[in-house]
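Just below is one structure, and these are the notes that go with it.
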Amino acid sequence: MSLSSLAATPGLPPFFTYQAGQLTVEDVPLQTLARQHGTPLFVYSKAALLAALAAYQRGLAGRQYQICYAMKANPTLAIVQTLVQAGCGLDIVSGGELERALAVGADPAKVVFSGVGKTRTEMRRALDVGIDCFNVESRAEIDVLNQVALEMGLRAPVSLRVNPNVDPQTHPYISTGLKHNKFGIAQAQVLASYRHASACAGLRVLGIDCHIGSQITQVEPYLDALERVLDLIELIEAAGIPLPQINFGGGLGIAYHDETPPAADELWQRLLQRMDARGHGGRKILVEPGRSLVGNAGVCVTEVLYEKPGDPKNFLIVDAAMNDLPRPALYQAFHQIVALAPREQAPSNWEVVGPVCESGDWLGRERTLAAQTGDWLAVLSAGAYCTSMASNYNTRGRAAEVLVDGACATLIRARETAADQLRLESLLPSAQG
Ligand code: LLP
């Protein structure tokens, strides 16, 4: 089957289909990859990455805009490189992410730097390479960045991140734009902070920034935040501080289960309509999507190690665990789990769990699956915030990663070995007799 004829299979993300009874990504059966590279294995579709990006590009077409992929969602070099080569800029939150951005050849002039706790070292490196903008989150950070820039004889480009105090109606751990969250500058302090920043000789005020949360599945919280940010822009510009650019952050959700988030182009049509209606449509628009670009482009393939039927639960013990895919343990998140080659037998009800020594190490609860020891399963929607939040807990090596492009599959991250993990550690010198 050619790629162009692939229609979305109900219940599966685009570019993942069953062909001849085999779960296939683009033109490659996942079983082939599991056999070749072992499991747990993360597999991504390049076409899915580009299709997700294209929805934003359509939504913002005709405007002055920059899409800055929030690489915390998945910082694997080849993923970032794919998006950068398709025109994306990057949103970074650490010096490490900046080095990844440079390693893939990203243009620093398309890089924005977010985060509440930037260090002086990180600021110096970012100023040195010439990033587009620092999203500054507090009055104290304004002063430190000003000082660092002056020491370097530079002016740091800044947007101030404001906290619009709207409820994104998502999991409390991933809502960031409410006033009790640590992020952004409170509305009451915004004007004074802009006055202060615009008086700093080491800063150049470029715009305004907000990000209200993640896995947002409705348009309304965005519209609410937009209204409040536009009110603030009017207030700040009336005080004589021009704000040519507006950064609207990320946060658009994906379908993990039965969610129906708006498509990125639909969301942006609605937001642009509102901006135009209020006379703000001419500003440069920045967005920082993470999950909505990569989340549904990846799956985690895992092997069933043991069946452990029991009362009241049947456990299916698989070789992927909370260290590979921490979202269920951290947020009780739901990820669909399907067989790579579904069996024609009556399904059972399973708790799908990993080998890690914690009861929180589960990937799926109460799943109806016809699976046996030795079968491969795919945990869907695993492209965002899975490998990026992976750990070495239980001294488990990080999983390998493969990117599929049509019929071509490339290993983009080798499986981490025990030797890789031990490399940075030292034994104490032995006591002399
Ligand atoms: N911009 C800023 C300033 C952010 O803090 C984030 C995400 C993004 C953009 C991208 O948001 P996205 O489009 O991916 O929703 N680990 C959690 C998600 C944490 C999101 C943190 N900030 C999860 O697995 O659900």
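Take the position in the sequence shown, starting the count at 1, then add 8; the result is the number in my numbering.
Idealized CB from N, CA, C, for every residue including glycine.
Here the structure is a predicted model, which is why all the values come from computation and not from measurement.
query	result
K54 - containing alpha helix (DSSP H), residue span	K54 to L68
Own chain partners of S10 with C-beta closer than 6 Å, once the 5 adjacent residues on each side are dropped	A caution first: S10 carries a pLDDT of 39, below 50, which makes its placement in the model too unreliable to give a value.
Cβ neighbour criterion (16 or more within 10 Å) applied to N400	exposed
Straight-line Cα distance separating I241 from Q74	19 Å
6 Å CB neighbourhood of F323 in its chain, flanking five on each side removed	K316, E359 and V361
Whole-angstrom distance between W370 and A329, CA atom to CA atom	7 Å
E315 in three-state terms, based on DSSP	strand
Residues near P355 by beta carbon distance below 6 Å, same chain, minus five either side	T376, L377 and A378
Supposed contact pair A347 and D319 - C-beta distance, whole angstroms, cut 8 Å	At roughly 24 Å, the Cβ-Cβ gap does not stay under 8 Å, so D319 and A347 are not in contact.
A407 beta carbon near the ligand LLP (any heavy atom closer than 6 Å)	no
Residue-level contact to chain D via CB, G382, 7 Å cutoff	No chain D appears in the structure shown, which is made up of a single protein chain.
Q195 - DSSP class collapsed to helix/strand/coil	helix
heavy atom of the ligand LLP below 6 Å from Y64 C-beta	no
heavy atom of the ligand LLP below 6 Å from Y393 C-beta	yes
Segments of 3+ residues assigned as beta strand (DSSP E) that fall wholly inside the region 229-317	253-255, 292-295 and 306-316
P116 - DSSP class collapsed to helix/strand/coil	helix
Endpoints, beta strand (DSSP E) assigned at D413	A408 to D413
R163 (DSSP reduced to helix, strand or coil)	coil
P172 CB to nearest heavy atom of the ligand LLP below 6 Å	no
Three-state secondary structure (DSSP) of S10	Bear in mind that a pLDDT of 39 at S10, under 50, signals an unreliable position, so the number given afterwards is only what the model happens to contain. Note: S10 maps to coil in three-state DSSP.
T127 (DSSP reduced to helix, strand or coil)	coil
Rounded C-alpha distance that separates G95 from N82	17 Å
Residue interval of the alpha helix (DSSP H) (run including A42)	L38 to H45
Boundaries of the alpha helix (DSSP H) in which W339 is found, first to last residue	This sequence places Tyr at residue 339; Trp is not what is there. Taken as a continuous stretch (DSSP letters only), the alpha helix (DSSP H) holding Y339 covers R335 to Y339.
Top-ranked residue by Cα proximity to G104, from N173, A233 and L85	L85
H219 classed as buried or exposed, judged by whether at least 16 other C-beta atoms fall within 10 angstroms	buried
A398, buried or exposed, once every other Cβ within 10 Å from all chains shown has been counted against 16	buried
R421, enclosing alpha helix (DSSP H) - first and last residue	Not the alpha helix (DSSP H): R421 falls in the beta strand (DSSP E), residues C416 to R421.
Short Cβ contact (7 Å threshold) for Q39 with Q30	yes
Residues bridged to N6 [DSSP beta-bridge criterion]	It is not possible to answer for residue 6, since the shown part of the chain is limited to 9 through 441.
Any non-hydrogen atom of the ligand LLP within 6 Å of E296 CB	yes
Exposure of S12, with buried meaning 16 or more beta-carbon neighbours within 10 Å	At S12 the pLDDT is 36, less than 50, meaning the model places this residue with poor confidence; the figure from the coordinates comes in the next sentence. With fewer than 16 other Cβ atoms within 10 Å, it is exposed.
Local Cβ density within 10 Å of L294, reported as buried at 16 or more and exposed below that	buried
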